[in-house]
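Here's the structure, in C-alpha cells; my notes come after.
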Amino acid sequence: MTPAPPDPTVVVCAYTLERWADLVAALDGVARQTLPPAQVLLVVDHAPALLDRARATWGGTAVTVLENTGTRGLSGARNTAVAHATGAVVAFLDDDAVPATGWLAALVGAYDDASVLAVGGAAEPVWPAAGRPAHLPPELDWVVGCSYRGQPTGRADVRNLIGASMSFRREVFALVGGFDEGAGRIGAIPVGCEETELCIRLTQRVPGARVVLEPAARVHHRVGEQRTTWSYLRARSLAEGTSKAAMAALVGGAEATATERTYVRHVLSAGVRREVARGLAGDRDGWRAAAGIATALGATGYGYLRGRLGPAPATTRAARAARAARTAGAARTAGAGR
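Number 100 in full-length UniProt numbering belongs to position 100 of the sequence shown; there are no gaps in the numbering.
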C-alpha cells in the first residue's frame, strides 16, 4: 500500500429525525474542511421519514444520500457506505459530531507510511448546559463516545479507534472484510465494539499493519442529557463488558482486553486515588467521581463475565457467521485477482 492520495470519502450514518439539527451541523462541518472530500455519503439506517427529508434537503448537492441495504444498525450502514465509496481513504464521522476544519486533512496526512491502514482522531465532549456531571471524570469519557484520559496525546500507534472520528484505507475492506453486522450499535442501544474488532482483525491478518491515533484530527461530539445520568453509565458500562466478551469470542481474550487491563491498572487506579483525595479534602464531587469509576468498572466487569461464562448471544453467533462469509468472499476475490 502506498501513501494515500488526497481524495477521501467522508461517511455519516444517521438513524433518527430526533438528531436532525446535529446531522445538519455535522455535514456543514464536512463542507468547511480545509481538505475538501472527494465524496460525501450520508447513509440512513432504516428510517423512512429521515430518508425522505435527507433526500429533499441534500438531493442534487455534493452529499449523496443512501439507504442502508444491509442489516439494520451502524455496522450495516457503514458497510453500505463502503460499497459505494470511491476515495482511497474512507473517513467515518458520527451524526452528532462536528469536525474541526482541519479534521480530514489531519486524518489523511497521517497516512504517510504504507504500513498505516487506519487513522483515527480525538473526540472532545460537548456537554449539556449543566456541564460535565460530577460522576463522569475524564477517565470515563469513553462512556459518552469520546476520547478519555489515559489515551496518547500525540500521534501514536494504538489497538483501535473511536467510531466518532476514524478512517481506513478503502482497500482494507477488500482485504479483511467490513464491519461485523452482528456486533454493531442498533439505534440508541449502547452496544458496539465493532470498530475495535475490525482494527484487531486488520492487525491479525496483515503483518506489520498499523492503526494510528492522530489527536490533531479533532471532532466535537455532542453529549445528550440522557447520557449524563447514572442509569446510562451503568447501562453503557454493562454493554461495554458484554460487547468485549463477544469480541473476545471472535478475536481472542488477550487481544480483546489488552488495552483495558492497562487502563484499569494505571489510569483508573490513579483516578480513584485522585478523587478519593478530593473527597477527603472536603470536595463531595470527589466522592461522586470515585463512585462513578467504581460503578463503571463493576458494571463492565459483570457484563464481561456474564458474556464469557454464559452461552454465546445471538449477536455473537451472527457476527461469526458474517465474518466467515466475508472471509470466504475476500478469498474468492484474492483468488480471482491472481
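Glycine is no exception: its CB is placed at the ideal position from the N, C-alpha and C atoms.
Three-state class that DSSP yields for residue i in the structure shown
i      : result
Glu124 : strand
Pro99  : strand
Glu225 : helix
Thr64  : strand
Phe168 : strand
Ala83  : helix
Asp141 : helix
Gly187 : Reliability of the predicted coordinates at Gly187 is poor, the pLDDT of 47 falling under 50, and no value is obtained from them.
Arg149 : strand
Ala156 : strand
Leu161 : coil
Leu41  : strand
Ala118 : strand
Ala129 : coil
Leu35  : coil
Terminal residues of the beta strand (DSSP E) in which residue i lies
i      : result
Arg210 : 210-222
Leu17  : Looking at the DSSP string, Leu17 is not in any beta strand (DSSP E), and its letter there is neither H nor E.
Leu93  : 89-94
Residue burial classification, residue i (beta-carbon count within 10 angstroms, cutoff 16)
i      : result
Leu66  : buried
Asp180 : buried
Arg265 : exposed
Arg227 : buried
Asp113 : exposed
Ala321 : Reliability of the predicted coordinates at Ala321 is poor, the pLDDT of 49 falling under 50, and the value obtained from them is presented with this limitation in mind. Classification of Ala321: exposed, given that the 10 Å Cβ count is below 16.
Ala269 : For the sequence presented, residue 269 should be read as Ser rather than Ala. It is exposed - the Cβ of Ser269 has fewer than 16 other Cβ atoms within 10 Å.
Arg19  : buried
Arg78  : buried
Residue span of the alpha helix (DSSP H) that contains residue i, given as start and end
i           : result
residue 341 : Nothing about residue 341 can be reported from this structure: the residues present for the chain run from 1 to 338 only.
Gln204      : 194-205
Pro48       : 48-58
Could you tell me whether the stretch 198-206 touches the stretch 99-113, using the rule of 3 or more Cβ pairs below 8 Å?
no
If contact is defined by three or more beta carbon pairs under 8 Å, each pair taking one atom from either stretch, is the stretch 49-58 in contact with the stretch 156-175?
no
Are the stretch 265-278 and the stretch 164-179 touching, with three or more C-beta to C-beta distances below 8 Å?
no
Does the structure place the stretch 132-141 close enough to the stretch 36-45 that three or more beta carbon pairs sit under 8 Å?
no
Between the stretch 300-307 and the stretch 230-248, do three or more beta carbon pairs fall short of 8 Å?
yes
Quick check on the DSSP output: what are the complete beta strand (DSSP E) runs of length 3 or more inside the stretch 240-285, in order along the chain?
none
Decide yes or no for the touch test of the stretch 143-151 against the stretch 217-231: beta carbon pairs closer than 8 Å, at least 3 of them.
yes
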